[in-house]
Each structure stands twice: as structure tokens, then as C-alpha cells.
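Residue numbers (this note's numbering): 327 to 526. Inspection log for the structure reproduced underneath, given as C-alpha cells.
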């Protein structure tokens, strides 16, 4: 398994998602978004998943944390919900029909669920699984070590643990009803520091 096995979508929506990610994310969050896409595609391969909407998965992965940045922060909604609306607006600008726009919103929101049933939402499951690996180190051994090394070399973690941990703490304090509070109470800061990907 190599990075080159996974084709980067080249559509108006994909280009729009990349531009938003590049403009608004720090280097650490940008790398996290790209790694999340690669891990999601890798889990699809190792689990033998078919029928994946690769364009949808790519764009949702690139924008899944955009609601945590100041420009798109929402004073009421959790960052995954705010990010879902950003994804939906971007998809509208790219000409997606309403049902497909709703799907990118759903996938971004569901990446923060404790668990997603792949029979219910395959792309949501893959993104939730991928971010579980990149943030908490879940199921790391299921992805080939050489691929993990290649991805981390191309897209290093930088200060992700500090940046994302601080973002979740701040979101949880202002939005105690949100998934950010659940993540914080579930020990996400310690999980970030203990993630085995930090030591590859």
C-alpha cells in the first residue's frame, strides 16, 4: 500500500475543499486532514469495502475540522456541525444537488460520533475510523507499518497534539452540550499524547 495508490479527486468541489483547507488550517491541522483521508482510504482497502464515494470522502476529510478554526467557529453549534455547514455551502458552490450536499454535512458531523455503523453511512464510518486513528491511535496496527511511515513522512504530525487539544478544550468550555465536551471528558488530550503515531 502506497500513497500513490489513492487518486486525489480533481473536481470543482475537491479543489474548493483543498483551497479552504489550505487557507484556513494551520500546517498541523492541514496535515491531519490529509492523513485522515489517507487512513480512511486505507481502512476501506484493508476491510474490503466497496461502493465508497471517494470524492465525498475526500472533501469531507479535508473539511472535517474546519469548524474549529476562528473563521468558521459557531457560537452555538459544535465544531463538527459548523464544519458540516461549511462543507454543504462549498458543495452548493460546486453545483452539487441538494441530496449530495446533505451527505457531506452528514459525514462531517458523524466523524465525531462515538461510532458509526458502516451499513448506515459508509463514508461517515470510514472518516470516524480514520480520525480515531489519527487522534487517539485506535486500530493503528491494522494499517501496514510501511504505509503509516510513508504517510507520516509526507504529512508529519507537527504540533497537532497541542493545537487540537487546545481547540477541543476551548470548544468544550464554551459549548458544554457539544461532542467536544465528550471528547475532553473521554481523555482526548492524553490520547493525543499517547498516540503511537507520535513515535513512528
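We put the beta carbon where it would ideally sit given N, CA and C, even for glycine. Since we're looking at a predicted model, the values are computed, not measured.
{"Asked": "Mind listing, in chain order, the continuous alpha helix (DSSP H) runs of no fewer than 4 residues lying wholly within the stretch 421–459?", "Found": "424–436"}
{"Asked": "Pairing CB atoms from the stretch 477–484 with CB atoms from the stretch 358–377, are three or more of them under 8 Å?", "Found": "yes"}
{"Asked": "Are the beta-carbon atoms of residue 497 and residue 485 separated by less than 8 Å?", "Found": "no"}
{"Asked": "Classify residue 391 as buried or exposed, calling it buried when 16 or more other Cβ atoms lie within 10 Å of its own Cβ.", "Found": "buried"}
{"Asked": "Return the residue from the list 460, 438, 463 and 461 that minimises the CA-CA distance to residue 451.", "Found": "438"}
{"Asked": "Would you mind stating whether residue 366 and residue 416 have Cβ atoms separated by less than 8 Å?", "Found": "no"}
{"Asked": "Go ahead and pull the three-state DSSP assignment for residue 401.", "Found": "coil"}
{"Asked": "Can you tell me whether DSSP reads residue 526 as helix, strand or coil?", "Found": "coil"}
{"Asked": "Do you know how far the Cα of residue 431 is from the Cα of residue 422?", "Found": "12 Å"}
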